[in-house]
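Below: one structure, written as structure tokens.
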Amino acid sequence: MPASAPRVGIDFGTSSSALALVDAEGRVRFAQLPTLGTLAPSWRTLLFFEPDEQEVQQPILYTAGGEGIEAYLECMGEGRLLQSFKTHLTTESMGRTQVAHHAIGLDDMIALFLQRLRERAEQHLGVALESATIGRPVHFAGGTTPEADALAAERLLAAARRAGFRDARLEFEPVAAAHHYERTLTRPELALVADFGAGTTDFCLMRMGPTGRGNDRARDIVATGGVGAAGDDLDAALIEHLVCPALGKGDTYLEMGKERSIPNSYYYKLARWHHLPFLAGARVRAELERLRRGRGTPSGSPS
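The opening residue of the sequence shown carries number 121 in my numbering; numbering runs sequentially from there.
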């Protein structure tokens, strides 16, 4: 690989992702990515598959990011829309999902998304991209042990290499944010940087300065930390407490002469966007219709 080959930075997020490089003059250039007929510096982290387009013994066909949203809308919601796959990186027992005759796993989903992100960025930036530094949370969502975080990091690296980034490295997301903040400094500081994402919230306490304090920055990092709770959890709480009660949460239904509570599992999935596909099947719709017909007294109403 030529020494002059550009290295890009990738923010691979739970809900959105972005890619940027620094040009020879030190200016940051964000790849402008297509979404609904416009270009934007970020892309929704999602994949869309139309099962009817898949062909036997041919590579899987898909769209990603903003193009995936457009394809999903054109299909009137039919097909498979997959989101928030980063949230499951610590799950060892994650199975595979079927798209027509293709069986794809979590690692495949991440590799497919990063591959399409690389391809669209190459088209916009006009250079081949094979080297990338990718942000990672201090603690991945769902991870409770160092081993779980190590597994998630290795899976992310492997997916990036499959996507065409032959030289892929990881950097803590709050450390990357600290480097960005450091560019604005005129004097040394000890700063706490917080990165509030969709899936995780991360922190970095770091010594900084206007000159960057040298190339070896590991000694400038005082401490890092993070929790697997962030924007998605806030959204889920709002939906569960404000939206779901208006849709029957807490109500009852009659079955064989007995009054039963409507299962909370439907509302749990409704409040978490990466679980929404589990509500889309014909069986679930039939179950919800059965509950609607047998619905008893709404919660909070006089009996």
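By construction, the Cβ of each residue, glycine as well, lies at the ideal position given by its N, Cα and C atoms.
All figures in this text were calculated on a predicted structure; none of them were measured in a lab.
Taking only the alpha-carbon atoms, compute the straight-line gap between residue i and residue j and give it to the nearest angstrom.
| i | j | result |
| --- | --- | --- |
| His208 | Met328 | 33 Å |
| Tyr192 | Thr165 | 14 Å |
| Arg286 | Glu250 | 5 Å |
| Thr320 | Met376 | 45 Å |
| Asp315 | Ala296 | 10 Å |
| Phe169 | Glu360 | 29 Å |
| Val219 | Ala248 | 30 Å |
| Pro126 | Ala140 | 10 Å |
| Thr304 | Ala298 | 10 Å |
| Arg240 | Gly199 | 23 Å |
| Asp355 | Arg380 | 28 Å |
| Ile224 | Gly263 | 23 Å |
| Gly368 | Ala402 | 20 Å |
| Ser162 | Thr372 | 43 Å |
| Gly346 | Glu175 | 43 Å |
| Val128 | Val404 | 43 Å |
| Leu390 | Val342 | 40 Å |
Please name the residue, chosen from the options, that lies closest to residue i on a Cα-to-Cα basis.
| i | options | result |
| --- | --- | --- |
| Asp227 | Glu242, Gly246, Glu239, Lys206 | Lys206 |
| Thr306 | Ala288, Thr331, Gly317 | Thr331 |
| Phe292 | Leu374, Met326, Ala279 | Met326 |
| Gln177 | Gly185, Val148, His221 | His221 |
| Arg413 | Leu374, Lys389, Thr253, Ala366 | Leu374 |
| Ala406 | Asp371, Ser136, Tyr386 | Tyr386 |
| Gly157 | Leu237, Gly185, Gln235 | Gly185 |
| Glu302 | Ala272, Gly346, Asp143, Asp340 | Asp340 |
| Pro179 | Leu232, Ala278, Leu290 | Leu232 |
| Leu202 | His395, Val363, Leu408, Ala270 | His395 |
| Gly370 | Val142, Leu277, Glu173, Ile382 | Ile382 |
Can you tell me the Cβ-Cβ gap for residue i and residue j, rounded? I've got them flagged as a contact below 8 Å.
| i | j | result |
| --- | --- | --- |
| Ile130 | Thr155 | With a Cβ gap of about 17 Å, Ile130 and Thr155 do not count as contacting. |
| Val258 | Thr344 | 5 Å |
| Ala160 | Leu167 | Not really, about 18 Å apart at Cβ, beyond 8 Å. |
| Glu173 | Leu181 | 5 Å |
Which of the three DSSP states is assigned to residue i in this structure?
| i | result |
| --- | --- |
| Phe285 | coil |
| Gly345 | strand |
| Lys369 | coil |
| Cys195 | coil |
| Ser385 | helix |
| Gly255 | strand |
| Met214 | coil |
| Phe316 | strand |
| Ile130 | strand |
| Val363 | helix |
| Val219 | strand |
| Arg149 | strand |
Looking at the C-beta of residue i, does it have a partner C-beta in chain D at a distance below 8 Å?
| i | result |
| --- | --- |
| Thr331 | No chain D appears in the structure shown, which is made up of a single protein chain. |
Are residue i and residue j close, meaning C-beta to C-beta below 8 Å?
| i | j | result |
| --- | --- | --- |
| Ala311 | Ala350 | no |
| Ala280 | Ala288 | yes |
| Thr211 | Asp352 | no |
| His244 | Ala151 | yes |
Going by the C-beta, is residue i closer than 7 Å to any heavy atom of the ligand GTP?
| i | result |
| --- | --- |
| Phe398 | Of ligands this structure carries none, so the ligand GTP is not represented either. |
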